[in-house]
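FYI, in mature numbering (1 follows the signal peptide of the UniProt record, and there is no 0) the residues of the sequence shown are -21 to -1, 1 to 485.
Glycine included, C-beta positions come from ideal geometry on N, C-alpha and C.
If you're wondering where the values come from, they're calculated on a predicted model, not measured in any experiment.
Shown next, in structure tokens, is the structure this report addresses.
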Amino acid sequence: MKFRLLLPALVASLSLFGIHAEEDEDLGFMGGPPEDSPDDGEDRGEGASKNDWCCGISGLTAAYNLQKLGYSVTVFEAEGRVGGKMESLYLENGVPARDTVVMDEETEAAAFELCGDQSPTDLGAIIGTGDNLKALADELGVPYAPLSWNLDNVIVQLDGETTSRFTRDQFLGVSALQIAPEEDPQVAIGAAFQAFYATIELFPEIATPRIDGNDPELAMPMTEFGEKYGFSVLVDGLRPVLVGYGYGYFEETPAGIVLKLMYPILLPAATGSIIEVFGFPCGFQSIAEVMAQDMDVRLNAAVTSVERDDNYVTVQAEGQPEEKFEQIVISTTLDIASTFLDINDEEAELFAQQRYNRIVATVANVESDGTDQQIYFYAEQGFEVNINHVNAVSQTYTNITAEVAYQAVDENITLDQAFQVLAEDMADYWQGSVDELILQREWPNYFPTVSSQDFADGFFDDMESLQGIRNTYFVGSYLLFENVPSAEQYARDLILRKFDNVTERM
């Protein structure tokens, strides 16, 4: 029996969609080939590959909603599967872990019908599921259920040697003591929350699905913005979580981007509630698989060239005949799109503004007494000076020893070197040993973002102004904060806004 290992937090796509309307209108959706990476001969572990960009949630959501509006969709996918970074993998040595997904009889029966007794080992970085994602799962008939796990932990070396562990709430107190040592920590935390909610009222665009405007205040780096508006305690308290999952260093990333995820994390605290987190018994990838099952999906069909004129878009993909479409939707990152798209000067200038993080996700069996169905974040590693070190480790289930570790790494480190750093960090923090490398995944252009100056100069508004120009539309993480619910919502809203007057889910 094989079991699936789930890496659901990461969202990106390399797909091309060609859409043919009933009114004899042709539309195309596309993405391009993976970036080539040097073949250094390293063993990536079972299931590993140099690039794992696939047809992710953004592209599939766009194609799915166009089909609902009457369009016939063709998907050109560079890889051999759909799902992108919503990846569910089979492990030979997996063990059933459905006891952690709290299912009623109806949900359990639906899960068995969809994926039999194959059980996902859910080790992904799930921060929150999102009502829109649950609504999509309901629409597709994909079962989901609440996840039952312990509180997240933040690991801190307070004196540089002694390792201490805190819940995420407790770590806010640690941050408060560091920022305002003369104040009562609870008073400082309460004041920070009040300041944060006041900031949301000043900048309501923080709560919208996409990144709006070019407000110079929101262009400030996150650390400076938090200091100015009085909630540095919360910024430092969430740093291990957001940096840990690959969302950039707070000294560089514009506040208008980081706040997109801080908002849903902190909002429940206003009512004393917690973020409701759900898991998918058949894996997050099951959403993509069910969405794509009635589409014309061309797997292993990397796009090699796209030429646009006033009437048609001509697409060439590996192993496919040349095809013409009336319009296209691109769901890959802009650096990849520029390798196959006939970009003009305006597009080239915008595309070049994108910045990316190189993230390595490593799944390994770890022998240690310090892991027990929890997610751990490493406070010191949330700063660029400690790049290459482990930022976060997730073990969602109690009955396995496999962990998934996330590392932000520089462009020069090899995957083998990254793994060696991981092993050293495990020994330092957990007194544990990495017994088996199961797989490594590298995302060289994760969490697309821009500089504060380019944010203030209107990058996101300029990208929105390109929607529909030259018969081209864009969906993907470079237009929003990179997580699954946001990507799904943006792609769906764009299609309904541009191709139909429907404003709610059909």
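Boundaries (first-last residue) of the beta strand (DSSP E) holding residue i
i      : result
Ser373 : 369 to 373
Ala343 : 334 to 346
Glu302 : 302 to 304
Phe453 : 451 to 453
Presumed contact (8 Å Cβ cut-off) between residue i and residue j, rounded CB distance
i      : j      : result
Val413 : Val345 : 6 Å
Ala387 : Val372 : Rounded, the Cβ-Cβ distance is 14 Å, inconsistent with contact.
Ala124 : Gly258 : 6 Å
Ala281 : Ala57  : 4 Å
Leu156 : Gly216 : Not really, about 11 Å apart at Cβ, beyond 8 Å.
Ala358 : Pro160 : The Cβ separation is near 17 Å, so there is no contact.
Asn367 : Asp395 : Not quite, the Cβ-Cβ distance comes to about 12 Å (not below 8 Å), so this is no contact.
Ala234 : Pro195 : Actually they do not touch by this definition, with Cβ atoms about 11 Å apart.
Gly35  : Gly63  : 2 Å
Leu93  : Cys261 : 5 Å
Val285 : Leu238 : Their Cβ separation, rounded to whole angstroms, is 34 Å, which puts Val285 and Leu238 out of contact at 8 Å.
Coil, strand or helix - residue i by DSSP
i        : result
Arg23    : For Arg23, the pLDDT reaches just 38, beneath the cut-off of 50, and the residue's location in the model is therefore unreliable, although a value from the coordinates is still provided. The answer is coil: DSSP assigns Arg23 none of H, G, I, E or B.
Gln352   : Its pLDDT being 48, under 50, Gln352 is placed unreliably by the model, and nothing is read from it.
Arg77    : With a pLDDT of only 40 at Arg77, under 50, the local geometry of the prediction cannot be trusted, and the value read off the model is given with reservation. Helix, per DSSP.
Gly205   : helix
Gly55    : For the record, residue 55 in the displayed sequence is Phe; it is not Gly. It is a strand residue.
Glu161   : coil
Val61    : strand
Met(-21) : Note that Met(-21) scores 27 on pLDDT, short of 50, meaning its location in the model is unreliable; the coordinates nonetheless yield the value given after this. In this structure, Met(-21) counts as coil in the three-state DSSP scheme.
Asn72    : With a pLDDT of only 45 at Asn72, under the threshold of 50, the placement of this residue in the model should not be trusted; the figure read from the coordinates follows. Three-state result, Asn72: coil.
Ile190   : coil
Ile474   : helix
Glu461   : coil
Ser154   : helix
Ile366   : coil
Tyr357   : strand
Tyr50    : strand
Leu445   : coil
Ser456   : helix
Ser67    : strand
Tyr469   : helix
Gly10    : Bear in mind that a pLDDT of 39 at Gly10, under 50, signals an unreliable position, so the model cannot answer this.
Asp479   : coil
Range covered by the alpha helix (DSSP H) that runs through residue i
i      : result
Ala198 : No alpha helix (DSSP H) holds Ala198; DSSP gives it neither H nor E.
Gln173 : 164 to 181
Ala296 : It is not in any alpha helix (DSSP H) - Ala296 instead sits in the beta strand (DSSP E) that spans 292 to 296.
Thr40  : 36 to 47
Leu112 : 110 to 119
Asp436 : Per DSSP, Asp436 belongs to no alpha helix (DSSP H) and is neither H nor E.
Glu325 : 324 to 330
Asp314 : 313 to 316
(message) For the stretch 293 to 301 against the stretch 327 to 345, do three or more pairs of beta-carbon atoms, one drawn from each stretch, fall closer than 8 Å, so that the two count as touching?
(response) no
(message) With three or more beta-carbon pairs closer than 8 Å as the criterion, would you say the stretch 219 to 226 touches the stretch 470 to 477?
(response) no
(message) When you compare the stretch 187 to 196 with the stretch 455 to 465, are there three or more beta-carbon pairs, one atom per stretch, that lie closer than 8 Å?
(response) yes
(request) Tell me, please, whether the stretch 258 to 271 touches the stretch 108 to 120 by the rule of three or more beta-carbon pairs shorter than 8 Å. (result) yes
(request) Pair every Cβ in the stretch 299 to 308 with every Cβ in the stretch 420 to 438, then say whether three or more of these pairs are closer than 8 Å. (result) no
(message) Quick check on the DSSP output: what are the complete beta strand (DSSP E) runs of length 3 or more inside the stretch 374 to 431, in order along the chain?
(response) 381 to 387, 412 to 428
(message) Count Cβ pairs between the stretch 309 to 326 and the stretch 445 to 455 that sit closer than 8 Å; are there 3 or more?
(response) yes
(message) Would the stretch 168 to 177 count as touching the stretch 227 to 237 if we require 3 or more Cβ pairs under 8 Å?
(response) no
(request) Entirely within the stretch 213 to 288 and at least 4 residues each: give me those alpha helix (DSSP H) ranges in chain order. (result) 234 to 245, 264 to 271
(request) May I ask you to verify whether the stretch 414 to 422 touches the stretch 331 to 341, counting CB pairs closer than 8 Å and requiring at least 3? (result) yes
(message) Quick test of the definition: if touching needs 3 or more C-beta pairs under 8 Å, does the stretch 237 to 246 touch the stretch 37 to 45?
(response) no
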